[in-house]
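Below: the structure, in structure tokens.
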Amino acid sequence: MADKVEQADIRGLDVDKIAKGFADVEYVFKQDCQVASMVGDSIRWYRKTAGGLSVTSPSDIEIAPLATPTTLEVSWTRFTSYPKKYMVEGFISQEDIKSADVSVLTTSIGDLTRAVISKVDTAIYDIMTEATTSGTPNPTDTQTAASTAAWDAASGQDPIKDILNAQRLIAAQNYNASEAVLYLNPSDYQSLLVWLITTKGSSIPGFSSEKVRSGVVLELLGTRIKVSNNVTADWGLMIIPQRACTWRQFTPTSAVTIVEPMVGTKIRVSEAGIAYVTDPNAIVQISNLAA
1221 MADKVEQADI
1231 RGLDVDKIAK
1241 GFADVEYVFK
1251 QDCQVASMVG
1261 DSIRWYRKTA
1271 GGLSVTSPSD
1281 IEIAPLATPT
1291 TLEVSWTRFT
1301 SYPKKYMVEG
1311 FISQEDIKSA
1321 DVSVLTTSIG
1331 DLTRAVISKV
1341 DTAIYDIMTE
1351 ATTSGTPNPT
1361 DTQTAASTAA
1371 WDAASGQDPI
1381 KDILNAQRLI
1391 AAQNYNASEA
1401 VLYLNPSDYQ
1411 SLLVWLITTK
1421 GSSIPGFSSE
1431 KVRSGVVLEL
1441 LGTRIKVSNN
1451 VTADWGLMII
1461 PQRACTWRQF
1471 TPTSAVTIVE
1481 PMVGTKIRVS
1491 EAGIAYVTDP
1501 NAIVQISNLA
1511 A
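Numbering (the working numbering), first residue to last: 1221 to 1511.
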């Protein structure tokens, strides 16, 4: 049957379901956080100061029969954080609602949702990198490592060594480095591929079929690589997913419509929560990726 003018109606769309669908696919950093809900106006949490307990040698915990065991203590620092709310709205006129194609309406909902997603992901990235107000990483508690040379330099760069070095720093804190994820800005990801293909003569790396679901675009040295515009250029961020950072969700990504009779409909999308780093040694920031 042919389409007719004024056949679309926003009341026929499940706006909240559409917003949640976009969120499930497009979150990058939040996917790798431990996500838990919160109900109060604040959350008390604890940060480990070491990746694991260790001793100098086996003899340090070797004891005689009937002797008391050696005491090892985990060191924690207590913090309190408060959720932040992120919300946007858009307005669609009654005329546009009645005459627009359904895809136009879903696109509007998707763009509003993306605005919230981007802000939440940026907030999580800023927490993981201890970013300053200018958005530049300013690590004090997380581990850092300068690259051998800028990845886009004329010569001397060695991204393979830099990634292995970041893995080593994480493994030294008793985390499983094979689970690591590396986040790159698109420009630094380009530099990595150019170096792999042109400088080292490698064939084009296999791209992950997981991209649409998880954001992974490449796996290199056992590390999954994700690309996001929210990553600060010149910096790489390697973390152990589900360990390094937690997102406490006060309210999930959700959307509502507010109808103004004979005028149009407002669409509001919001989310509230707070991110915090519980395991700073499960994070390594690689600096100096760009010349």
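Even glycine gets a Cβ: it sits at the ideal position worked out from N, Cα and C.
- Taking a cut-off of 8 Å on C-beta distances, the stretch 1337 to 1348 touches the stretch 1445 to 1465, as three or more cross pairs fall below it.
- Ranked by Cα distance from G1330, the first of I1503, A1495, I1238 and N1508 is I1238.
- In terms of Cβ geometry, T1333 and A1243 form a close pair [threshold 8 Å].
- Contact check for Q1469 against V1248 fails: the beta carbons are separated by 8 Å or more.
- Shortest Cα-Cα distance from T1362 to any of T1327, Q1505 and K1339 involves Q1505.
- With respect to the C-alpha of T1291, the residue from R1298, I1281, F1299 and T1300 having the closest C-alpha is I1281.
- Counting only the Cα atoms, S1490 lies some 16 Å from M1258.
- Pairwise C-beta distances place the stretch 1370 to 1379 out of contact with the stretch 1474 to 1482, as fewer than three of them are shorter than 8 Å.
- Its chain contains V1308 and V1489 as the residues whose beta carbon lies nearer than 8 Å to that of A1335, once the 5 sequence neighbours on both sides are disregarded; these appear in chain order.
- The residue from A1502, A1369 and A1464 with its alpha-carbon nearest to that of Q1393 is A1502.
- For T1269, the closest of N1405, V1294, A1464 and R1444 by C-alpha to C-alpha distance is V1294.
- Contact between I1337 and I1487 is absent: CB atoms are separated by about 15 Å, not below the 8 Å threshold.
- Here the C-alpha atom of A1453 lies approximately 31 Å from the C-alpha atom of T1471.
- In terms of CA proximity to V1401, D1252 leads the group G1493, D1252, N1449 and V1483.
- At the C-beta level, L1404 and L1412 come within 8 Å of one another.
- Closest in alpha carbon position to K1250, among K1240, T1326 and I1344, is I1344.
- Of the other Cβ atoms in all chains shown, fewer than 16 fall within 10 Å of the Cβ of I1283; this residue is therefore exposed.
- CA-to-CA, the gap between I1317 and G1484 works out to about 8 Å.
- Taking each of G1493, T1360, K1381 and T1288 in turn and checking the Cα distance to G1260, the smallest one comes out for G1493.
- Shown here for I1383: same chain residues with a beta carbon closer than 7 Å to its own, the five before and five after excluded, namely L1402, L1440, L1441 and T1443 in chain order.
- According to DSSP, residue pairing for C1465 in a beta bridge involves V1497.
- E1293 sits in coil when the DSSP states are folded into three classes, being neither helix nor strand.
- Cβ neighbours of A1365 within its own chain (closer than 8 Å, five residues either side excluded): D1382, N1385, A1386, L1389, V1504, Q1505, I1506 and S1507.
- In the structure shown, the three-state DSSP call for G1241 is helix.
- The closest CA to that of S1398, considering only W1371, G1310, I1445 and Y1306, is found on I1445.
- In this structure, the beta-carbon distance from A1495 to T1466 falls below 8 Å.
- Secondary structure note for M1348: its alpha helix (DSSP H) is the uninterrupted segment V1322 to T1349.
- Spanning the alpha carbons of R1463 and E1246 requires a straight line of approximately 21 Å.
- A1475 has V1489 as its beta-bridge partners, per DSSP.
- Per the C-alpha coordinates, the member of P1500, S1354 and T1418 positioned closest to T1297 is P1500.
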